[in-house]
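Notes for the one structure printed next.
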Amino acid sequence: MEPTIGRRLVVAIDGPGSSGKSSVGAAAALQVGYRFCDTGLLYRAVTWLALARDVSPAFPHMVRGLVDEVELAPDEVGRLAHVRVDGIDHTSDVRGPDVDTAVSAYSAIPELRLALLDRQRQLASDGGIVMAGRDIGTVVLPGADLKIFLEASVEERARRRTEERRLDPNGPEAAAILEALRRRDELDSTRAVAPLKVADDARIISTDGNTFDETVDAVVNAIRDAESRQAADPEPSGATA
11 MEPTIGRRLV VAIDGPGSSG KSSVGAAAAL QVGYRFCDTG LLYRAVTWLA
61 LARDVSPAFP HMVRGLVDEV ELAPDEVGRL AHVRVDGIDH TSDVRGPDVD
111 TAVSAYSAIP ELRLALLDRQ RQLASDGGIV MAGRDIGTVV LPGADLKIFL
161 EASVEERARR RTEERRLDPN GPEAAAILEA LRRRDELDST RAVAPLKVAD
211 DARIISTDGN TFDETVDAVV NAIRDAESRQ AADPEPSGAT A
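Written as structure tokens, this is what we have:
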């Protein structure tokens with residue numbers, strides 16, 4: 011359903027790994043008639059391609075050189091949810107455990123983050139988009155009309171990922187997921203370049219104990235509230251500033 015109030019907004023959703031920002035953001039975007047982009051998919055795609063090409067994070071300019079080979083393609087409802095390289099869909103590949111383990115190291119490369127920054131800002135330049143990631147409200151789109159930070163405990167996030175992959179919750183793979191998320195949280199929050207943190211003006215939504223639909227409703231309501239405020243004060247915020 012298309013929004014009926016005023017200018018179509020730029021919405022930034024941040025949060026740690028498996029906080030639900032991608033699935034929730036995509037569902038909320040669909041309800042309000044906005045486009046959706048999971049920027050983490052870009053980093054995962056470059057990480058997967060670097061692993062496939064045996065390009066180490068120790069060679070940042072070689073990693074940066076892979077960016078132009080990665081394409082985000084829309085799904086049947088327009089969400090930028092598919093990864094293509096050389097015209098081949100590699101979406102399932104970029105969500106594998108090897109990428110889970112390596113993506114933080116590659117994401118911390120300044121040359122890679124800079125190369126992807128312009129692409130993300132271009133996607134948001136026309137408004138009407140929900141963009142999810144780890145530094146959207148703080149670095150990529152500091153002037154976003156609405157900033158949301160999804161919070162969830164690491165145990166809850168590990169449970170969700172284990173369930174999503176249909177793994178034994180008491181098995182070694184589930185334990186490895188929990189440890190990987192803890193390690194990723196530490197790396198993401200302490201890295202020198204664009205660390206994971208809550209923007210000063212972000213709206214924090216805690217998702218522990220929520221159903222998926224409850225969290226989506228909370229995000230949709232936040233967007234509608236922001237649209238109403240924008241209609242009363244239509245001065246653009248300068249989302250890519």
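Per the working numbering, the very first residue in the sequence shown carries number 11; after that it's consecutive.
For each residue, glycine too, the CB sits at the ideal point set by N, CA and C.
Residue(s) in a DSSP beta bridge with residue i
i     : result
ARG9  : Residue 9 lies beyond the stretch modelled for the chain, which goes from 11 to 251, so this question has no answer here.
VAL93 : LEU82
ILE98 : VAL95
Buried or exposed by the 16-neighbour rule on C-beta atoms within 10 Å, applied to residue i
i      : result
GLN240 : buried
ARG63  : exposed
VAL34  : buried
GLN130 : buried
PRO26  : buried
ARG45  : buried
VAL21  : buried
ALA242 : exposed
VAL159 : The residue asked about is misnamed: residue 159 is Phe in this sequence, not Val. PHE159 comes out buried.
VAL229 : buried
VAL226 : buried
MET11  : With a pLDDT of 39 at MET11, under the threshold of 50, the predicted position of this residue should be treated as unreliable, though the coordinate-derived value follows. That one is exposed.
ARG89  : buried
ASP198 : buried
Where the alpha helix (DSSP H) containing residue i begins and where it ends
i      : result
VAL113 : 107-117
THR148 : Counting along the chain, THR148 falls outside any alpha helix (DSSP H), and DSSP gives it neither H nor E.
HIS71  : 70-74
SER32  : 31-42
THR225 : 222-242
ARG17  : First-last for ARG17: undefined, no H or E at that position.
LEU188 : 182-200
ASP128 : 120-134
ARG175 : Element bounds for ARG175: n/a, residue is neither H nor E.
Close beta carbons around residue i, own chain, < 7 Å, minus the five adjacent residues each side
i      : result
PRO13  : In this predicted model, PRO13 has a pLDDT of only 41, less than 50, meaning its place in the structure is not dependable; the value taken from the coordinates is given anyway. Answer for PRO13: VAL42, GLY43 and GLU237, listed in chain order.
VAL203 : ALA118, PRO120 and ARG123
ARG201 : ALA118
VAL140 : VAL21, ILE23, GLY35, ALA38, ALA39, TYR44 and PHE46
Residues of its chain near residue i, where Cβ-Cβ distance is below 8 Å and the 5 sequence neighbours each way are ignored
i      : result
ASP235 : none
ALA125 : ARG74 and VAL77
ASP218 : GLU161, ALA162, SER163 and GLU166
ASN231 : none
Enclosing beta strand (DSSP E) for residue i [first to last residue]
i      : result
GLY143 : 139-143
ALA22  : 20-24
PHE46  : 45-48
Beta-carbon contacts of residue i that lie in its chain and below 6 Å, excluding the five residues immediately before and after
i      : result
ALA55  : VAL80, VAL93 and VAL104
ILE187 : ALA168, ARG171 and THR172
THR57  : VAL109, ALA112, VAL113 and TYR116
GLU183 : LEU177
ALA83  : HIS92 and ARG94
Anticipated Cβ contact below 8 Å, residue i with residue j, distance rounded
i      : j      : result
SER28  : ARG170 : 5 Å
ARG24  : ARG144 : Reading off the sequence, residue 24 comes out as Asp, not Arg. Yes, they are in contact, since the Cβ atoms of ASP24 and ARG144 sit about 6 Å apart, within 8 Å.
ILE215 : GLU165 : With a Cβ gap of about 18 Å, ILE215 and GLU165 do not count as contacting.
LEU151 : ILE233 : That belief does not hold up - the Cβ atoms of LEU151 and ILE233 are roughly 15 Å apart, past 8 Å.
GLY137 : LEU19  : 6 Å
VAL95  : LEU59  : 6 Å
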